[in-house]
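Visitor:
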Amino acid sequence: MSETQKRKLEAVKQISPLLAQMHPQKETLRAIFENTRTAMDAVFEISDWLEDAKETFPKSVGTIENWLEEITSYFFNRTTSGVVEGINNKLKLIKRLGYGFRNFENFKLRCLISWHLDFNSA
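When we follow the numbering used here, the leftmost residue of the sequence shown carries the number 404, and every step to the right adds one.
1. Can you tell me which of the three DSSP states M425 falls into?
2. Using the rule of at least 16 other Cβ atoms within 10 Å of the residue's Cβ for burial, across every protein chain shown, is F478 buried or exposed?
3. According to DSSP, simplified to helix, strand and coil, what is T482?
4. Where E369 and L432 are concerned, what is the direct C-alpha to C-alpha distance, given to the nearest angstrom?
5. Grab the span of the alpha helix (DSSP H) containing G465 for me, first residue to last.
6. Out of curiosity, what's the CA-to-CA distance linking R505 and I474?
7. Count the other CB atoms within 10 Å of the CB of A456; is the residue buried (16 or more) or exposed (fewer)?
8. Hey, could you find the ends of the alpha helix (DSSP H) R513 is sitting in?
9. Go ahead and label A434 buried or exposed: buried means 16 or more other beta carbons lie within 10 angstroms of its beta carbon, across all protein chains shown.
As structure tokens, this is what we get:
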């Protein structure tokens with residue numbers, strides 16, 4: 404974080420005590436994903452975090468509890484579905500910006516163009 408960003412963060416914390424409380428908890432959760440090496444340790448650390456964050460992040464805590472198994476699977480091989488979700492998001496954007504394509508071929512060509520792929524290979 405740059406010095407300017409740090410100053411802005413401190414200013415926001417001064418204005419909002421809730422954000423001042425939320426930020427360290429968010430950083431703690433982030434550190435769990437960066438530093439925890441085993442899935443078992445992750446389960447314990449995330450469980451502790453969930454208990455601490457119940458009042459501050461009630462909706463997030465509920466979501467994490469519902470998806471805890473899927474979330475902790477990250478610690479087995481350190482991979483996520485982020486790339487696939489990004490591709491799906493881009494496909495939805497292309498479809499939305501196209502205001503509906505007349506046929507699948509036009510949609511396919513627009514997708515190939517957006518990823519700079521060769522038209523003849525598809």
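Backbone N, C-alpha and C define an ideal beta-carbon position, used for all residues, glycine too.
Guide: According to the structure data:
1. Walking along the sequence shown from the start, residue 425 turns up at place 22. Note: M425 maps to helix in three-state DSSP.
2. Locating residue 478 in the sequence shown gives position 75, counting from the first residue. Buried, because 16 or more other Cβ atoms sit within 10 Å of the Cβ of F478.
3. Along the sequence shown, one-based indexing puts residue 482 at 79. Correct three-state label for T482: coil.
4. Since the first and last residues shown for the chain are 404 and 525, residue 369 lies out of range.
5. As a working mapping, residue 465 is identified with position 62 in the sequence shown. Its alpha helix (DSSP H) spans residues P461 to N469.
6. Taking the sequence shown and counting its residues from 1, one reaches residue 505 at position 102. Taking the sequence shown and counting its residues from 1, one reaches residue 474 at position 71. One C-alpha to the other measures close to 39 Å.
7. Taking the first residue of the sequence shown as position 1, residue 456 is located at position 53. A456 should be labelled buried.
8. Here the question's residue 513 lines up with position 110 in the sequence shown. Here the alpha helix (DSSP H) through R513 covers F507 to S517.
9. One-based indexing of the sequence shown puts residue 434 at position 31. So A434 ends up on the exposed side.
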